[in-house]
Ligand SMILES: C[S@@+](CC[C@H](N)C(=O)[O-])C[C@H]1O[C@@H](n2cnc3c(N)ncnc32)[C@H](O)[C@@H]1O
């Protein structure tokens, strides 16, 4: 669609009344009336420049996610002449594009972002959108499986640089399904990414362990939870994230967990933001071990992967 024609539709649709109603007292970094062309290209705005209820939910999610990432992204831009970001399980790559927009139009700072997904169709579409929006120098998408991918290999293929000691500065995984989050976390930890942001989803691994093991029949303090399907699912998902948090802390990351969008929009709304601070933290390892014991000694994917890769314990090693 012609830029001028779409700008006119944006103006016509987003009347002051509609803007006020849309904002409902909130503030967004990117609004439909300012970032209309980007949002249209991402499929979040209709041809008449309106936004559907589904797209509004996604828009609110990614805007809030970007808001929460801003302090980290700004700090990375101050520290590094070019910031390297990974979007693991990027799917439609809304967040990748928002980050690219923020670096190009707001921070005006060089960025190299690679989005990884095992869906060829998603990756082709994201690359086509990057070209359409003029982001092809800073934004590349590659088909790979998070279970086996190597960031360095994909990065070299995409950006063609070979420097020593290259690492991603920021690793994001938004709603990468179940243990895909753990593969992303393990690779981020192995590479000693400065910032790791994950919004886990469908954390079903621990619930499966509890369901399949006879532990529930034993008289453990957690047995009633393990036996009750609803509580098992909910508690297991929360405990999985707590165990992940402790593993990250033990590797020297400061971790915060926040709700990044109100639960009426999606129940998958936890953002875990980890910032690399320092040395291996034995106290966090001890807490991890105690909690694991209380939960019936499950060995979850992230712990297994970290053992497998033998990733070093000190982030500054
Ligand atoms: C729920 S979608 C989230 C997409 C995007 N991050 C978002 O929040 O809009 C999960 C994405 O992860 C991808 N995915 C899941 N497991 C994967 C794996 N093992 N390797 C690569 N991609 C994976 C899926 O193809 C899908 O696009």
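Residue numbers (the working numbering): 677 to 993.
Quick reminder that beta carbons are idealized off the backbone N, C-alpha and C, glycines included.
Small disclaimer: the values here were computed from a predicted structure and weren't measured.
Using a cutoff of 7 Å, the CB of residue 795 counts as near ligand 1, since one of the ligand's heavy atoms is closer than that. For residue 771, the CB contacts under 8 Å within the same chain, skipping 5 residues up- and downstream, are 738, 741, 742, 763, 848 and 850 in chain order. A Cβ-Cβ distance of about 7 Å is found for the pair residue 879 and residue 917, placing them in contact under the 8 Å criterion. DSSP places residue 902 in the uninterrupted alpha helix (DSSP H) bounded by 899-903. At a Cβ-Cβ threshold of 8 Å, residue 748 and residue 951 count as neighbours. The beta strand (DSSP E) runs lying completely inside the region 901-981 and spanning 3 residues or more are 929-935 and 946-952, given in chain order.
For residue 847, the enclosing beta strand (DSSP E) covers residues 846-853. DSSP places residue 788 within a strand segment (E or B) once states are collapsed to three.
Every alpha helix (DSSP H) of 4 residues or more that sits fully in the region 685-741 is shown, in chain order, as 692-699 and 712-717. Counting C-beta pairs closer than 8 Å gives three or more between the region 921-930 and the region 963-982, which meets the contact rule. With 16 or more neighbouring CB atoms inside 10 Å of its own CB, residue 803 falls in the buried class.
Distance from the CA of residue 887 to the CA of residue 717, rounded to the nearest whole angstrom, comes to 44 Å. A heavy atom of ligand 1 is found nearer than 7 Å to the CB of residue 853. Contact annotation: residue 883 and residue 908 have beta-carbon atoms nearer than 8 Å.
Closest by C-alpha distance to residue 727, out of 753, 744 and 686, is 686. For residue 775, the enclosing alpha helix (DSSP H) covers residues 770-777. The residue from 780, 714 and 953 with its alpha-carbon nearest to that of residue 759 is 780.
For residue 815, the enclosing beta strand (DSSP E) stretches over residues 815-819. A distance of 8 Å or more separates the beta carbons of residue 845 and residue 936. Cβ atoms of residue 783 and residue 814 stay farther apart than 8 Å, at about 12 Å. Proximity to residue 864 across 853, 894, 889 and 828 peaks at 828, based on C-alpha coordinates.
In this chain, the beta strand (DSSP E) harbouring residue 763 covers 759-764.
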